[in-house]
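Asks: If you count the sequence shown from 1, position 69 lands on 72 in the numbering used here, and the numbers rise without skipping.
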Amino acid sequence: MKISIIIPILNEAATIGKLLQHLINAASVKDNLKEIIVVDGGSIDGSHDIIDNISKNEEITITYIPSKKGRAVQLNAGARIANGELLYFLHADSFPPQQYDRYIVSEVEKGNNAGCFRMKFDSNHWWLQFLGWLTQFKSKRCRGGDQSQFITKLLFDQIDGYDESYIVYEDNDLVDRLFAINEFVIIPQYVITSARRYREIGVWRLQYHFLNIHVRRWLGASSEDLYRYYKERVVD
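Written as structure tokens, this is what we have:
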């Protein structure tokens with residue numbers, strides 16, 4: 004089984020180069036990696052040049068493709084061209100553990116066709132550390148895209164991938180559907196993800212808005228309602 008890593012980006016010049024090098028260096032068996040696919044939703048900060056320069060100097064295939072903006076759209080675009088039997092969806096500011104490929108392949112070999120890692124923020128703030136601690140529990144309420152998501156391509160196609168009507172909350176929607184069919188496992192290793200949004204907006208302000216989005220979704224808000232709230236309250 005080979006892994007296709009799919010990374011959606013939008014103006015990630017500050018981190019995409021570091022992430023690509025980390026993915027290559029942290030893999031336990033390079034043969035486990037089929038390719039890395041970076042799906043760009045319209046970057047104007049030189050991200051493409053960084054990806055292009057790295058791809059020229061690495062043996063692993065690194066593919067850059069442009070896409071319409073929107074994580075669900077970008078993730079599906081990457082999945083459509085992926086050649087690996089396993090898909091690993093990863094945010095551009097999240098760094099998986101050493102030997103992440105071995106952990107993913109091992110779980111699939113045990114019959115676990117989808118799941119994620121636990122997560123820690125790169126912050127000492129007690130609340131963010133607490134949120135990371137919660138990711139050890141097998142509850143869909145403790146899940147998020149920053150934990151990354153692996154899934155077999157077969158299962159991904161069977162559940163019709165990401166719902167592109169979601170501009171935000173697309174990761175949680177996918178997890179909800181996987182929990183509904185009892186196809187989810189949590190690998191007890193940690194992805195380290197950036198707390199940059201919390202630093203930019205403020206821990207309590209951003210957490211309040213995220214909680215509000217979750218509550219609105221539980222109460223039946225549409226994908227359009229969630230995005231409207233996010234644009235008005237979270238994105239400056």
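Quick reminder that beta carbons are idealized off the backbone N, C-alpha and C, glycines included.
Between residue 216 and residue 172, how many whole angstroms is the CB-CB distance? I'm expecting something under 8 Å.
Replies: Yes, they are in contact, since the Cβ atoms of residue 216 and residue 172 sit about 7 Å apart, within 8 Å.
Asks: Following a CB-centred definition, is residue 138 positioned closer than 7 Å to any heavy atom of the ligand GTP?
Replies: As presented, the structure is devoid of all ligands, the ligand GTP included, so that no description of it is given.
Asks: If you check the beta carbons only, do residue 32 and residue 104 fall under 8 Å apart?
Replies: Yes, they are a contact pair.
Asks: Can you confirm whether the region 118-130 touches the region 47-63 when touching is taken to mean that 3 or more C-beta pairs between the two stretches lie within less than 8 Å?
Replies: With a cut-off of 8 Å, the region 118-130 and the region 47-63 do not count as touching, because too few Cβ pairs lie within range.
Asks: For residue 124, list the residues DSSP reports as bridge partners.
Replies: In DSSP, residue 124 forms a bridge with 196.
Asks: For residue 38, list the residues DSSP reports as bridge partners.
Replies: The partner list for residue 38 (beta bridge, DSSP) reads 7.
Asks: For residue 61, collect the residues of the same chain with a Cβ closer than 7 Å to its Cβ; drop the 5 residues on either side in sequence, then sort them by chain order.
Replies: Correct list, in chain order: 27.
Asks: Going by CA-CA distance only, name the one from 237, 81, 220 and 23 that's closest to residue 203.
Replies: Selected option, being the one with the closest Cα: 237.
Asks: Using the DSSP secondary-structure output, state which residues sit across from residue 163 in a beta bridge.
Replies: DSSP, once it has assigned bridges, lists no residue as partnering residue 163.
Asks: Kindly indicate which three-state DSSP category residue 117 falls into: helix, strand or coil?
Replies: Note: residue 117 maps to strand in three-state DSSP.
Asks: How do the region 147-156 and the region 174-186 stand: do at least 3 beta-carbon pairs fall below 8 Å, yes or no?
Replies: These segments touch.
Asks: Which whole-angstrom value describes the C-beta separation of residue 15 and residue 46, a residue pair presumed to lie in contact below a C-beta threshold of 8 Å?
Replies: With a Cβ gap of about 7 Å, residue 15 and residue 46 count as contacting.
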